[in-house]
Amino acid sequence: AQSVSQHNHHVILSEAASLELGCNYSYGGTVNLFWYVQYPGQHLQLLLKYFSGDPLVKGIKGFEAEFIKSKFSFNLRKPSVQWSDTAEYFCAVSKGTGGFKTIFGAGTRLFVKA
Amino acid sequence: DTGVSQDPRHKITKRGQNVTFRCDPISEHNRLYWYRQTLGQGPEFLTYFQNEAQLEKSRLLSDRFSAERPKGSFSTLEIQRTEQGDSAMYLCASRERTGANTEAFFGQGTRLTVV
């Protein structure tokens, strides 16, 4: 079955520190890859997405992610985090065919200390 | 607001009661999904509609759960004889007609508390 693994459940960083959140998925066919963010009290919002082409994807708020097909990975990065990045981050995968349902990882809760 | 809309935002119910939630997707989106999210977990897929047809149901969707999308627009999710384990955030998402190379847009969710 399709699955998504996020390496860290909780991450605590100081402002200006660099961030990397790991994500691996198990599906071997054509996939669409996503990172969603959920700020406290808000709904899920798309941070960035990969469909095809350049494996280095840039998203909103200075986030980027790199798709490494050979490693089935889609890690999220940000060079310098801000207090306002405190949120929960979800890696997600959907198949490129069929119902296109999105499968989520368990999430990584990021807390940025001011 | 042209996003995905869910109603109600919060629902508190007594165990054993029935509840119904509504989702209005983005108008041009023909694909609609229901998810459940519990504390500390990512959203878990429940069911999926393409237009009015329910094409996939998760094993998480017990026979107490039923979902409909009668005219291919809004959808309802009903839970009968609620149990405390049903307490969760219920999320609705919609996606464009083409499906491929698109993302799902999520509503704010309905938080269900069963007491």
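Heads up: the sequence lines are chains A and B, in that order.
Note that our numbering gives residue 67 to position 67 of the first sequence, counting from 1, and the numbers run on in steps of one.
Adding 1000 to a residue's 1-based position in the second sequence gives its number in our numbering.
Quick reminder that beta carbons are idealized off the backbone N, C-alpha and C, glycines included.
Computed from a predicted structure; not experimentally measured.
On the DSSP letters alone, give me the boundaries of the beta strand (DSSP E) that residue i sits inside.
i, result
"B/Ser1094", "Ala1088 to Arg1095"
"A/Asn32", "Val31 to Gln38"
"A/His10", "His10 to Ser14"
"B/Asp1024", "Val1019 to Asp1024"
"B/Trp1034", "Arg1031 to Gln1037"
"B/Asp1007", "Ser1005 to Asp1007"
"A/Ile60", "Premise fails: A/Ile60 is in no beta strand (DSSP E) and is neither H nor E."
Could you tell me which residues DSSP puts in a beta bridge with residue i?
i, result
"B/Asp1013", "The sequence shown places Thr at residue 1013 of chain B, not Asp. B/Val1114, per the DSSP bridge assignment."
"A/Val81", "None; A/Val81 has no bridge partner."
"B/Gln1054", "B/Phe1049"
Can you tell me whether residue i is buried or exposed, with buried defined as 16 or more other CB within 10 angstroms of its CB?
i, result
"A/Ile60", "exposed"
"A/Lys71", "exposed"
"A/Leu56", "exposed"
"A/Ala16", "exposed"
"B/Asn1051", "exposed"
"A/Asp85", "buried"
"B/Tyr1033", "buried"
Distance cutoff 8 Å, beta carbons only. Does residue i sit that close to anything in chain A?
i, result
"B/Phe1045", "yes"
"B/Leu1055", "yes"
"B/Ala1104", "yes"
"B/Arg1095", "yes"
"B/Tyr1033", "yes"
"B/Gln1017", "no"
"B/Gly1107", "yes"
"B/Gly1072", "no"
"B/Tyr1048", "yes"
"B/Gln1080", "no"
Does any residue of chain B bring its CB to less than 8 Å from the CB of residue i?
i, result
"A/Gly101", "Inspection of the sequence shows that residue 101 of chain A is occupied by Lys rather than by Gly. So yes, A/Lys101 belongs to the interface."
"A/His7", "no"
"A/Leu110", "no"
"A/Gly107", "yes"
"A/Phe72", "no"
"A/Leu21", "no"
Taking C-beta to C-beta, are residue i and residue j nearer than 8 Å?
i, j, result
"B/Tyr1090", "B/Leu1055", "no"
"A/Asn32", "B/Asn1018", "no"
"A/Tyr50", "A/Phe67", "yes"
"B/Arg1015", "B/Val1114", "yes"
What does residue i touch in chain D if you count any residue whose Cβ is under 7 Å from its own?
i, result
"B/Asn1101", "The structure shown contains no chain D; its protein chains are A and B."
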